[in-house]
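Here's the structure, in structure tokens; my notes come after.
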Amino acid sequence: MQNIILFDTTGIHQEFLPLTFTRPVSDIRIGIFTIREKWESRLPGIYSYDTADYLTVKYPMNIASNNFFIAGNVCPDEKLVAAISSLSECESLFYGDELIAFYGSLDAFRKKDFGVKHTLNEEPFMIRKLYDIFLKNGEALEADYRYIVSSGKSEPLSASNRVIGDPCFPDGTPKIFIEPGAVVECSALNVTKGPVYIGKDAEIMEGVCIRAPFAACEHVVVNMGTKIYGATTLGPYCKVGGELNNVVMLAYSNKGHDGFLGNSVIGEWCNLGAGTNASNLKNDYSEIKLWNYPTGRFLRTGLQFCGLMMGDHSKAGINSMFNTATVVGVGVNIHGSGFPRNFVASFSEGGAAGFSDVQLPKFYSIAERMMARRGKTLTDVDKDILEAIYNQTESLR
1 MQNIILFDTT GIHQEFLPLT FTRPVSDIRI GIFTIREKWE SRLPGIYSYD
51 TADYLTVKYP MNIASNNFFI AGNVCPDEKL VAAISSLSEC ESLFYGDELI
101 AFYGSLDAFR KKDFGVKHTL NEEPFMIRKL YDIFLKNGEA LEADYRYIVS
151 SGKSEPLSAS NRVIGDPCFP DGTPKIFIEP GAVVECSALN VTKGPVYIGK
201 DAEIMEGVCI RAPFAACEHV VVNMGTKIYG ATTLGPYCKV GGELNNVVML
251 AYSNKGHDGF LGNSVIGEWC NLGAGTNASN LKNDYSEIKL WNYPTGRFLR
301 TGLQFCGLMM GDHSKAGINS MFNTATVVGV GVNIHGSGFP RNFVASFSEG
351 GAAGFSDVQL PKFYSIAERM MARRGKTLTD VDKDILEAIY NQTESLR
């Protein structure tokens, strides 16, 4: 088997904080799959990571004499896989000045000795900014959907549901795919603008209104009466309710009650309490500025819509309110009335009245209780990573 290493450059890794505090870039979910899962399904091999040093205890690198190094923020398609597969030893693939892939030794990769350089004429599908995750989610979702449909067969959709729009794409591909064990009853599925994917053992309760493109991964629960606008992805074991518009939830997170969330990205093990609302548009319709970790300041985005960006293990109490384009780090506990500031550093607790530090023993206790509900354990390796994040972010609190 060929050895494949998905690499993060320092710059790209930092652009996707707070999500990449706890994972390599290639473990970000966009569309239906994570970036790593996309590559694993299209280019067989033994996969590992080249990422931030403190993450290597959980995401190690597997080294061979020759390796395919592939940028962790790039998603595969048929042409790109063919171009990478055709690389010989000491050959590389670039788009402009961005390294897409290299085949060779770790020593050559570290020395940036990329040998013969080949250039892509067309830009591959890639994410460069945190907000690209929701901006490009629709395109990624349809690509993943078509890959699934090409090799699988959908379960039948119950007659209790209402489908709005042509049930097939112009090429005859069905727009709804339901995995075994999924339950969808008495819901409205509008597929006018894309596909709907329902994963294994997911449940879409009665009265749910979905406008595609939409993906509910395995064991997702969508509560009664939920309103969902595309392009939205709910990662494995997420539970949602209320109103969502163009949201990506990575996995194991909850927004189970009424409240609005739009143009947002939510990490793993997050919980948004009942009545939580996140603004995605400024009252004056002006351009949005978003906290940028590499520069340590708010930068213009060119966007008019941007909601909540939340790192893993963060929580918001009932009736929490978030201003347009709020970035929340890892292990944050928000509660109380009023709007917290637009950037909340990792391991902070409080709200509009101010924040204090969350001490690690208290944080571990909360995380362990939440994870136990899903049959998961906070390991010593996880704690080592979280402690490293705690120390790295001390100056921001």
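As numbered in the UniProt record's numbering, residues 1 to 397 make up the sequence shown, in order.
From the three backbone atoms N, C-alpha and C, an ideal C-beta is built for every residue, glycine too.
This structure is a prediction, so every number in the text was calculated from the model and none was measured.
Fill in: Integer Cβ distance of serine 320 from glycine 331, believed to fall under 8 Å
That belief does not hold up - the Cβ atoms of serine 320 and glycine 331 are roughly 16 Å apart, past 8 Å.
Worksheet item: Who are the Cβ neighbours of serine 154 in its own chain at under 6 Å, not counting the five residues just before and after it?
Response: Within its own chain, the residues whose Cβ lies closer than 6 Å to the Cβ of serine 154, once the five positions on either side in sequence are excluded, are Phe177, Ile178, listed in chain order.
Worksheet item: Relative to the C-alpha of alanine 52, which residue among Thr22, Asn66, Ala71 is closest?
Response: Thr22
Discussion item. Do isoleucine 204 and alanine 212 count as a contact pair if the criterion is CB distance below 8 Å?
Written reply: no
Discussion item. Short of 6 Å in beta carbon distance, which residues of its chain neighbour alanine 188, apart from the five on each side in sequence? Order them along the chain.
Written reply: Arg162, Cys209
Worksheet item: Under the three-state reduction of DSSP, which class applies to glutamate 98: helix, strand or coil?
Response: strand
Fill in: Beta-bridge pairing of isoleucine 266 - partner residues as DSSP gives them
Met249, Met310
Worksheet item: Can you give the Cα-Cα distance for asparagine 283 and lysine 289, rounded to whole angstroms?
Response: 14 Å
Worksheet item: Can you pull the DSSP bridge partners for valine 184?
Response: Ile204
Worksheet item: Can the beta-carbon of phenylalanine 68 be found closer than 8 Å to that of phenylalanine 109?
Response: no
Worksheet item: Which term fits alanine 71, buried or exposed, when burial requires 16 or more other beta carbons within 10 angstroms of its beta carbon?
Response: buried
Worksheet item: For glutamate 37, which residues does DSSP report across the bridge?
Response: Beta-bridge partners assigned by DSSP to glutamate 37: none are found.
Worksheet item: So, do the segment 255 to 267 and the segment 129 to 145 have three or more beta carbon pairs nearer to each other than 8 Å?
Response: Judged by Cβ distances under 8 Å, the segment 255 to 267 makes contact with the segment 129 to 145, as three or more pairs qualify.
Worksheet item: From which residue to which residue does the beta strand (DSSP E) around glutamate 349 run?
Response: 348 to 351
Worksheet item: What do you get for lysine 239, buried or exposed, if any count of 16 or more other CB atoms within 10 angstroms of its CB means buried?
Response: buried
Discussion item. Relative to the C-alpha of valine 328, which candidate in Glu368, Trp291, Phe305 has its C-alpha closest?
Written reply: Trp291
Practice prompt. Return the chain-ordered list of same chain residues with a C-beta closer than 6 Å to the C-beta of alanine 274, the five sequence neighbours on each side being excluded.
Written response: His257, Ile318
Practice prompt. May I have the straight-line CA-CA distance separating methionine 249 from leucine 19, to the nearest angstrom?
Written response: 11 Å
Worksheet item: Which residue comes first and which comes last in the alpha helix (DSSP H) that contains serine 150?
Response: 137 to 150
Worksheet item: Can you pull the DSSP bridge partners for asparagine 62?
Response: Beta-bridge pairing links asparagine 62 to no other residue.
Fill in: Whole-number beta carbon distance between alanine 143 and aspartate 77, since they are thought to touch under 8 Å
7 Å
Practice prompt. Have a look at methionine 309 and valine 344 and give me their C-alpha separation to the nearest angstrom.
Written response: Looking at the two C-alpha atoms, the distance is approximately 10 Å.
Practice prompt. With distances taken Cα to Cα, identify the nearest neighbour of aspartate 384 among Leu55, Cys168, Val247.
Written response: Of Leu55, Cys168, Val247, the residue nearest in Cα terms is Leu55.
Worksheet item: Do you know whose CA, among Asp201, Gly302, Phe305, Lys193, lies nearest proline 180's CA?
Response: Asp201
Worksheet entry | Between the CA atoms of valine 184 and aspartate 27 - distance to the nearest angstrom | So the alpha carbons of these two residues sit roughly 28 Å apart.
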